[in-house]
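Written below as structure tokens is the structure these notes are about.
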Amino acid sequence: MKGFSPAWCEWISNVMSRGSVAVKVNDNICHYFQTRKGVRQGDPLSPIMFNIVVDMLAILISRAKEANHIRGVVPHLVDEGLSVLQYADDTVIFMDNDLERAKNMKLLLCAFEQLSGLKINFHKSELFCYGAAKVNQIDYAQIFGCDLGSFPFRYLGILMHPRKLMNED
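Residue numbers (this note's numbering): 621 to 789.
This is the structure in structure tokens:
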């Protein structure tokens with residue numbers, strides 16, 4: 621899909637599924653032992669592999685929008701509506717107020733976990749509802765298994781609020 625050659629895919633598969641490590645104690649390296657997965661946090665390959673995988677999340681969300689399974693917000697400002705923003709290892713998902721489409725999004729996210737092996741920690745995530753969606757915010761929280769957040773909050777140092785921000789904000 622992304623144009624990676626079969627040889628490259630095989631190489632990445634080997635790197636991701638195999639590995640060996642040794643413990644160094646007092647400048648002596650002990651015997652190497654096998655790990656179940658080859659790439660660990662801090663590995664120079666980790667960020668690029670993460671970006672390749674989460675790019676697939678954006679593609680899955682885009683395809684779900686095309687099939688009308690989910691709907692983004694502000695379609696008058698962003699073609700087909702804004703559904704996902706990603707910065708480093710943060711992902712912000714936007715949805716129109718529709719409980720059935722929210723269930724579709726949850727199914728998509730669970731499928732993404734199965735396909736990618738990345739686990740979304742819904743317990744560390746927060747759900748923010750505004751406007752008409754506030755009436756159903758408990759239902760949304762149950763669908764996603766998230767805590768409810770409250771406005772205003774800061775993201776990357778910027779104050780977030782559903783209303784127009786004032787100069788002092």
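Glycine included, each C-beta is placed from N, C-alpha and C at the ideal position.
So, using beta-carbon positions, are residue i and residue j closer together than 9 Å?
i, j, result
"residue 718", "residue 691", "yes"
"residue 680", "residue 732", "yes"
"residue 650", "residue 642", "yes"
"residue 666", "residue 654", "no"
"residue 716", "residue 670", "no"
"residue 689", "residue 728", "yes"
What is the C-beta distance between residue i and residue j, in whole angstroms, given that I count them as a contact (C-beta under 8 Å)?
i, j, result
"residue 782", "residue 750", "4 Å"
"residue 766", "residue 736", "The Cβ separation is near 20 Å, so there is no contact."
"residue 722", "residue 763", "5 Å"
"residue 777", "residue 748", "No, residue 777 and residue 748 are not in contact; Cβ-Cβ is about 17 Å, not under 8 Å."
"residue 705", "residue 694", "About 12 Å; that fails the 8 Å criterion."
"residue 726", "residue 701", "Not quite, the Cβ-Cβ distance comes to about 18 Å (not below 8 Å), so this is no contact."
"residue 673", "residue 738", "6 Å"
Would you identify the three-state DSSP class for residue i, choosing helix, strand or coil?
i, result
"residue 776", "coil"
"residue 736", "helix"
"residue 640", "strand"
"residue 661", "coil"
"residue 648", "strand"
"residue 653", "strand"
Hey, quick one: how far does the alpha helix (DSSP H) through residue i stretch, first residue to last?
i, result
"residue 634", "626 to 637"
"residue 764", "757 to 764"
(request) Taking only runs that begin and end inside the stretch 676 to 732, name each unbroken alpha helix (DSSP H) of 4 or more residues, in chain order. (result) The qualifying runs do not exist here; there are none.
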